[in-house]
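> One structure, pasted below without further comment.
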Amino acid sequence: MKTGFRQLVIAGGRPAFHETVHVGRPNIGNRERLSERIDDLLNRRWLTNNGQYVQEFERRVADRLGARHVIAICNGTVALQIAIRELELSGEVIVPSFTFPATVHALQWLGVTPVFCDVDPRSHTLDYRRVEALITPRTTGLLPVHLWGGACDVDELSAIASRRNLKLLFDAAHGFGCAYKGRMIGNFGNAEVLSFHATKVLNTFEGGAIVTNDDDLATRLRLVRNVGFRALDDVAMLGTNGKMTEVAAAMGLTGLESVDEFIAVNREHYCQYRQELEPLTGVKVMSFGADERSNYHYVVLEIEESRAGLSRDDLMHVLHLENIRARRYFFPGCHRIAPYRNLYPDAGSVLPETDRLTRSVLCLPTGTSLDSNDVGAICRIIRLAVTHAHEVRPLVAAQQQLLRMTEDGKK
């Protein structure tokens, strides 16, 4: 247990964790039950093509969400691409830059122009107050992103989409198990896209899904997912291969049986982080509204450098030395990565909140791979780093300077 500044690695101590602790370490359900399902599908030799596990997974997710249709897809990015295409989005679509690149890439990949909108400082999601000023005759839709286990302002965005005759597609990669005003995420807009990537609260190893209450849209989505096949030797439309495999669905079904336990563990860790870190000056722990239901799968800090005495990157450096792989999502912002930094060189001037968050947000490890002692150890390191910020900053600067000199010497 680290009780003093000199025990930190940055000051010459030993790492708090022998094995690296990651953000998004996969949750694993009952391994025996998963093995039984895998043995069964292997024995039946039905590995893909809409087998019984995919169908059951879709039904059970739909039941949990209270949604009419869940279309399982091989991953969240392909799910976004299929949904964008079948909603006939074209021209321009308004989207946050403060998101994982796949959100924006899915638009650009299909020849749709992403128009970056700034985000709300509280929720970190698309700021509905800034949307209408960005709408042009070429705008066909909105692509907001639910973040951190919290929801966008669904009511306001839905009102804008209805008033301006725009399609509304939500990226709900972080949203499984979450609700907005008592209604489960998955039931809003024209459709919502879930991610079941290994890092999410519920995973299918790799996977995603499109959720919709539109019967006609669901029919088209199922055709497109299966290369356009309506029946054997009957291709009804242009499609792609977006099918989820049976082994992925088996993992998803196994996780579903334990997902409430996963969320309960996340909530315990989240509450512990808040209790231990909120008293720190310049450190804010992301909170959720009283009308929201969260999966608590992301523990998000905002580091205010002028008050904390050290930057987000200084704190991340300290944590990494301790084998705590905290992440600075979503650095540096989509508007500052290829190809968008060249397409929109002045985007930063209209995205001040996005730029602020990319400099201040730090995500901490949580999930079933940790226990309360681990969370306590992480909190103690953060407290030591912040309370000794005046000593930490020069040490970080010296180490980074040495690293730069070493890298220059290799060139």
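Letter by letter, the sequence shown follows residues 10 to 420 of the numbering used here.
Backbone N, C-alpha and C fix where the C-beta goes; we use that ideal spot for every residue, glycine too.
1. Any chance you could list the alpha helix (DSSP H) runs of at least 4 consecutive residues sitting entirely within the stretch 322-358, in chain order?
2. Tell me which same chain residues have a C-beta within less than 6 Å of the C-beta of Phe-297, skipping the five on either side of it?
3. Does the contact criterion of 3 or more C-beta pairs under 8 Å hold for the stretch 266-278 versus the stretch 97-113?
4. How about Ser-106 and Cys-372: do their beta carbons lie closer than 8 Å?
5. Measure the C-alpha to C-alpha separation of Ile-80 and Asp-223 and round it to an integer number of angstroms.
6. Should the stretch 26-45 be called in touch with the stretch 260-268, which here means at least 3 C-beta pairs below 8 Å?
7. Classify Glu-28: buried if its beta carbon has 16 or more other beta carbons within 10 angstroms, exposed otherwise.
8. Would a C-beta distance cut-off of 8 Å place Phe-179 and Pro-153 closer than the cut-off?
9. Count the C-beta pairs between the stretch 310-325 and the stretch 209-220 that are closer than 8 Å, then say yes if the count reaches three, no if not.
10. Between the Cα of Ser-315 and those of Arg-94, Thr-149, Val-395, spot the shortest distance and give me the residue it belongs to.
11. Please list, in chain order, all residues of the same chain as Asp-129 whose beta carbon is under 6 Å from its beta carbon, the five residues on each side excluded.
12. Taking Cβ positions, are Val-121 and Glu-331 nearer each other than 8 Å?
13. For Phe-185, collect the residues of the same chain with a Cβ closer than 7 Å to its Cβ; drop the 5 residues on either side in sequence, then sort them by chain order.
14. Is the number of C-beta pairs between the stretch 339-353 and the stretch 32-41 that are closer than 8 Å three or more?
15. Please report the straight-line C-alpha distance between Arg-23 and Ala-111, rounded to a whole angstrom.
16. Report the three-state DSSP secondary structure of His-399 (helix, strand or coil).
17. Return helix, strand or coil for Leu-232, following the three-state DSSP convention.
In this structure, then:
1. If we require 4 residues or more, the alpha helix (DSSP H) runs fully inside the stretch 322-358 come out as 349-352.
2. Within the sequence shown, numbered from 1, the residue matching residue 297 stands at position 288. The residues are Gly-159, Ser-303.
3. Taking 8 Å as the limit for Cβ pairs, the verdict is that the stretch 97-113 does not touch the stretch 266-278.
4. Position 97 of the sequence shown holds residue 106. Position 363 of the sequence shown holds residue 372. Not in contact: Ser-106 and Cys-372 (Cβ atoms no closer than 8 Å).
5. What you label residue 80 is simply residue 71 of the sequence shown in a count that begins at 1. What you label residue 223 is simply residue 214 of the sequence shown in a count that begins at 1. One C-alpha to the other measures close to 12 Å.
6. Judged by pairs of C-beta atoms under 8 Å, the stretch 26-45 touches the stretch 260-268, as three or more such pairs exist.
7. Translated into the one-based positions of the sequence shown, residue 28 becomes position 19. Classified as exposed, Glu-28 has fewer than 16 neighbouring CB atoms from the shown chains inside 10 Å of its CB.
8. Taking the first residue of the sequence shown as position 1, residue 179 is located at position 170. Taking the first residue of the sequence shown as position 1, residue 153 is located at position 144. In this structure, Pro-153 lies closer than 8 Å to Phe-179 by Cβ.
9. The stretch 310-325 vs the stretch 209-220: no contact.
10. If you number the sequence shown from 1, residue 315 lands on position 306. The shortest C-alpha separation from Ser-315 is found at Val-395.
11. Reading the sequence shown from its first residue, position 120 is the one you call residue 129. Answer for Asp-129: Asp-136, listed in chain order.
12. Looking up residue 121 in the sequence shown gives position 112. Looking up residue 331 in the sequence shown gives position 322. Taking C-beta atoms as the reference points, Val-121 and Glu-331 fail to come closer than 8 Å.
13. What you label residue 185 is simply residue 176 of the sequence shown in a count that begins at 1. Only Leu-203, Lys-209, Val-210, Leu-211, Asn-304 meet the Cβ criterion.
14. Because the criterion of three Cβ pairs below 8 Å is not met, the stretch 339-353 and the stretch 32-41 do not touch.
15. As a first step, residue 23 is located in the sequence shown; it is residue number 14 there, counting from the start. As a first step, residue 111 is located in the sequence shown; it is residue number 102 there, counting from the start. Those two C-alpha atoms are separated by around 37 Å.
16. As a working note, residue 399 is residue 390 in the sequence shown. Helix, per DSSP.
17. Position 223 of the sequence shown, counted from the first residue, corresponds to residue 232. DSSP, reduced to helix, strand and coil, places Leu-232 within a helical segment of the structure shown.
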